[in-house]
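Q:
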Amino acid sequence: MSQDAQAMLAKPGPDLVYREALDAGNFQIQQCGGCNQHIFFPRMVCPKCGSNELAWVKPSGLGSVYSTTVVRRKPERGGDINVAMIELDEGPRMMSRVDGVPPTEVKIGMRVTLKLIDQGEGKLVVFEAAEGGAA
Amino acid sequence: MSHPLRGSTAIVGVSTAGLGSCPGHSEMDIIVSAAHQALADAGLKTTDVDGLFSCSTVYSLATLSIGEYLGIKPKYSDSNQVGGSSFVGHMLTAAMAIQNGLCETALIVYGSNQYSATGKLVGLPEPDLYEAPYEPKQPPSSYAMVAARHMYEFGTTREQLAHVAVAARNWAKMNPEAFMRDDLTIEDVLNSRMVSDPLSVRDCCLVTDGGGAIVMVAADRAKDFSHKPAHVLGIGMAHYHRNISGMPDFTVSAAADSGKRAFEMSGMTPADVDVLELYDAFTINTIMFLEDLGFCKKGEGGAFVADGNIGPGGNTPVNTNGGGLSCCHPGMYGMFTIVEAVRQLRGNCGERQIMNAEVALCQGNGGRFSSQITALIGTESTL
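Chains as they are written, first to last, in this note's numbering: chain G, 1 to 135; chain A, 1001 to 1383.
(1) Could you work out which residues of chain G lie near Y1134 (chain A), taking near to mean beta carbons separated by less than 7 Å?
(2) Just to confirm, are L90 (chain G) and T113 (chain G) a CB contact at a threshold of 8 Å?
(3) So which residues on chain A does V71 (chain G) lean against when the C-beta distance must stay under 7 Å?
(4) Is the beta carbon of E1177 (chain A) less than 8 Å from the beta carbon of C1327 (chain A)?
(5) Can we say the region 1222-1231 of chain A touches the region 1362-1375 of chain A, given the rule of at least three CB pairs closer than 8 Å?
(6) Sorted by chain position, which residues of the same chain lie with C-beta nearer than 6 Å to E53 (chain G)'s C-beta, five sequence neighbours on each side aside?
(7) Of all the CB atoms in chain A, is at least one closer than 8 Å to the CB of L137 (chain G)?
(8) Give a yes or no on whether the minimum CB-CB distance between F1250 (chain A) and chain G is below 8 Å.
(9) Quick one: does T68 (chain G) have its CB under 8 Å from some CB of chain A?
(10) Can you list, in chain order, the residues of the region 36-64 of chain G whose Cβ is nearer than 7 Å to any Cβ on chain A?
(11) Within a Cβ cutoff of 8 Å, which residues of the same chain sit near G1067 (chain A), ignoring the five residues on either side of it in sequence?
(12) According to DSSP, S1065 (chain A) sits in a beta bridge with which residue or residues?
(13) Can at least three beta-carbon pairs, one atom from the region 1151-1159 of chain A and one from the region 25-44 of chain G, be found at a separation below 8 Å?
(14) Apart from the five residues on each side of it in sequence, which residues of its chain come closer than 7 Å, Cβ to Cβ, to A1219 (chain A)?
(15) Which class does V1342 (chain A) belong to by DSSP, given the choice of helix, strand or coil?
(16) Where does A1281 (chain A) sit, in a helix, a strand or coil, going by DSSP?
(17) Please return the same chain residues whose Cβ sits closer than 6 Å to the Cβ of R1451 (chain A), not counting the five positions on each side in sequence.
(18) Within 10 angstroms of the Cβ of S2 (chain G), are there 16 or more other Cβ atoms? Answer buried if so, exposed if not.
(19) Could you compute how far the alpha carbon of E147 (chain G) sits from the alpha carbon of H1090 (chain A)?
(20) So that I know if they touch, is there some Cβ in chain G lying closer than 8 Å to that of S1371 (chain A)?
(21) Do the region 1087-1105 of chain A and the region 1113-1120 of chain A make contact, defined as three or more Cβ pairs closer than 8 Å?
(22) With DSSP as the reference, please indicate the residues paired to I1235 (chain A) in a beta bridge.
(23) Can you check whether the CB of L1161 (chain A) is closer than 8 Å to the CB of E1277 (chain A)?
Now the structure itself:
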């Protein structure tokens, strides 16, 4: 293994770092030192420029609904749920959902703000309508 | 100067096997039946095959398992797995291998028993840390979000999506092999059970059993076979993402690039294409591919399909076998775009035959609108 590869793999991996911070109540994404772009999901290498200089940053927690769907399920399977593609104000998109409104009322363009909720032993990133509501 | 791969190879054998429901058979039974029948169609035997191409969601070492079963000892073997588009991609690799003398007779094959075995789409076992916690129904929810964005940006409607399903069904009615051949109206589609908004169950492809295979050889050998050869004129590949969260723009698929590459290699334009076989995993696929491949302008795909262009009697016939929506969808459908295209070029599609079909386009789709592979094939007159 080359020195550089050894250095890359010497630290805990990005999935683990992300998960530990999230479960401690901190949602973090990465920003590339090479091109300054924000990225999500967590990675070892920037998909925009190829740099491996990725730093963890705390995003604003604000974003917009880029797309949305209602996953139709029978009541006994948990009922209908929203799944949304959220575009964070920093740029990256992530799958999540919008809570606090019926799944069918989640609309593309809605401004949303991040909320961490408990799921099992860890945390889950969800969103809710931001103050001021629709875009 | 034309591309060295343009017209260098031809498809001389095709088959389908066990389409629809094929109970009592393993995945391998269907695969080897398809392989055997495509070789028989070409007048060849398994012992003639020296290039083997396949992939599977069940057999992770697909060509090894198939090679062992059939007693094929290939000089060249490829199991590139880019979802349902894989088999269209295998055509490109097979053309390269044949052109460079690495093999002479290439067999590309796929089969699945997932309708009889499980009744639902078989996925790939791999970790999905950043999407699975939100419990999307995959793949429909990914395609649903693409459809929702297309509707938001361009005003595409559910009725327009329904036209894709109805056109596919109208073709399927003329294909004895198609799984669903009963009447289907726009209202039926709109009123059918919602799966993941805005896609209803009739906007989603079938889950069926079935297999298919093709045999490719060098073009200069093609005239020695009994059927009219289908010449491989151009193939292009592209992918930008794996999961839907990574799709750069939900209104443009990588078919915009794969199509451009295939048209460049073939020296053709959309105006030259007589029949299209587009991987319609969902109704939105057909609309996106018509736009991305240049058959209509971006954003106008909905109106284009609603104007009756793609069904029987239309100017741009799409999915003449009934497609993944009404003919068959055994987990991965790409192979069936090729088989139907070849049958159209041979001119033996009976009632659904496109008159004087000289050029056919096959669009393979894989993953979540992820992998796009476009192939243009044509009769001898196109060389």
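All residues carry an ideal CB built from backbone N, CA and C; glycine is no exception. Small disclaimer: the values here were computed from a predicted structure and weren't measured.
A: Quick look at the numbers:
(1) V83, M95, S96 and R97
(2) What sits at residue 90 (chain G) in the sequence shown is Glu, not Leu. No, the pair does not count as a contact, with Cβ atoms beyond the cut-off.
(3) E1135, P1136, K1137, S1141 and S1196
(4) Cβ atoms of E1177 (chain A) and C1327 (chain A): closer than 8 Å.
(5) In short, these stretches do not touch, since the Cβ pair count stays below three.
(6) The answer, listed in chain order, is G33 and G34.
(7) Absent from the model: residue 137 (chain G). The displayed extent of chain G is 1 to 135, so no value can be given.
(8) yes
(9) yes
(10) F41
(11) L1052, K1073, P1074 and S1077
(12) DSSP lists no partner for S1065 (chain A).
(13) no
(14) G1007, S1008, T1009, A1010 and H1231
(15) helix
(16) Note: A1281 (chain A) maps to coil in three-state DSSP.
(17) Nothing can be reported for residue 1451 (chain A): it is not among the residues displayed for chain A, which extend from 1001 to 1383.
(18) Answer is exposed; the Cβ neighbour count stays below 16.
(19) No information on residue 147 (chain G) is available, as it lies outside the stretch 1 to 135 that chain G covers here.
(20) no
(21) no
(22) A:A1375.
(23) no
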